[in-house]
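In this text, residue positions in the sequence shown follow numbering that gives the first Met the number 0: the first is 0, and each later residue adds one. Even for Gly, the Cβ is constructed at its ideal location relative to N, Cα and C. One structure below.
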Amino acid sequence: MIKLYGFAVSNYYNMVKQTLEEKAISYEEISAIPSQGDEFKAKSPMGKVPCIETDHGFISETAAILDYLEESYPNPRLFPAEVFARSKVREIMRITELYIELPARRHFQHLFFSTPRNDAAFTEVKPILENGVSALSHLVKPAPFLCGAEMTYADIYAYHTFGYANAVTTKLYDWDIIAAIPGLKASLAAMAARPSTKRVDADQQAMMAARAKAK
Ligand SMILES: N[C@@H](CCC(=O)N[C@@H](CS)C(=O)NCC(=O)O)C(=O)O
Numbered sequence: 000m001i002k003l004y005g006f007a008v009s010n011y012y013n014m015v016k017q018t019l020e021e022k023a024i025s026y027e028e029i030s031a032i033p034s035q036g037d038e039f040k041a042k043s044p045m046g047k048v049p050c051i052e053t054d055h056g057f058i059s060e061t062a063a064i065l066d067y068l069e070e071s072y073p074n075p076r077l078f079p080a081e082v083f084a085r086s087k088v089r090e091i092m093r094i095t096e097l098y099i100e101l102p103a104r105r106h107f108q109h110l111f112f113s114t115p116r117n118d119a120a121f122t123e124v125k126p127i128l129e130n131g132v133s134a135l136s137h138l139v140k141p142a143p144f145l146c147g148a149e150m151t152y153a154d155i156y157a158y159h160t161f162g163y164a165n166a167v168t169t170k171l172y173d174w175d176i177i178a179a180i181p182g183l184k185a186s187l188a189a190m191a192a193r194p195s196t197k198r199v200d201a202d203q204q205a206m207m208a209a210r211a212k213a214k
């Protein structure tokens, strides 16, 4: 059985968890936080979550994990069968990660843990996000999912990126990046309606509520 390491508030963890749910793969969740300690880095060499444990060993990095799951458990397929369409999904995943998730992440400590605003990040992040939003506006073809009628990994990346990223841009830049990408709002709503999303979101919200209570 696959073991999934991480925690329910992590958006990357939830990308993998939703994939496991969509593919109805048996898995066990192992609570783990990022660590630069030797023991955890033996599992996840960058010390980040998520990672998974398979019969063959550990895999870290969400995109690599999703490739493993897709090839090991091809049904239902979450990448299109046709090579060009598959590459377009990967293009959206990559742009979402590099030019939306990672720049927005620079403000996570400020937004979610109330640390002082990073002024350098405040200046540097907005133009990167503008390029990312512009690129995605050209690339996605919501109908209702980002690449057509079938849900793909592009939707999984977008769903678990735009929630937190939009919280950042709304608060720091008074800018709704979901509304800025035509069709994205409806696409995210189609994702939110899926049973797999509801299960993942319920665990995420329960963990957030528990953390808020513990403060
Ligand atoms: N590129 C990694 C990113 C994963 C990531 O950033 N995870 C966060 C939690 S959501 C983490 O472990 N952060 C701790 C750190 O960056 O040291 C992936 O695709 O899995």
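Where residue i falls, given that 16 or more other Cβ within 10 Å makes a residue buried
i: D118; result: exposed
i: I32; result: exposed
i: D154; result: buried
i: P102; result: buried
i: P75; result: exposed
Among the options, the one whose alpha carbon lies nearest that of residue i
i: D175; options: V139, R76 and N165; result: N165
i: Q204; options: Y152, S43 and G162; result: G162
i: L3; options: S9, N10 and K16; result: K16
i: P49; options: G36, P143 and V8; result: V8
i: T217; options: E38, T196, K47 and G46; result: A query on residue 217 cannot be resolved here, the shown segment of the chain reaching from 0 to 214 and no further.
Helix, strand or coil at residue i according to DSSP, with G and I counted as helix
i: Y4; result: strand
i: I90; result: Note that residue 90 is Glu in the sequence shown here, rather than Ile. Correct three-state label for E90: helix.
i: E81; result: coil
i: I24; result: coil
i: G36; result: coil
Alpha-carbon spacing of residue i relative to residue j, whole angstroms
i: K212; j: I29; result: 22 Å
i: A208; j: A84; result: 39 Å
i: Y67; j: A188; result: 27 Å
i: K87; j: M150; result: 13 Å
i: R104; j: H55; result: 32 Å
i: P73; j: L65; result: 11 Å
Going along the chain, which unbroken runs of the alpha helix (DSSP H) with 4 or more residues stay wholly within the stretch 139-180?
Counting only runs that start and end inside the stretch 139-180, the alpha helix (DSSP H) elements of at least 4 residues fall at 152-172.
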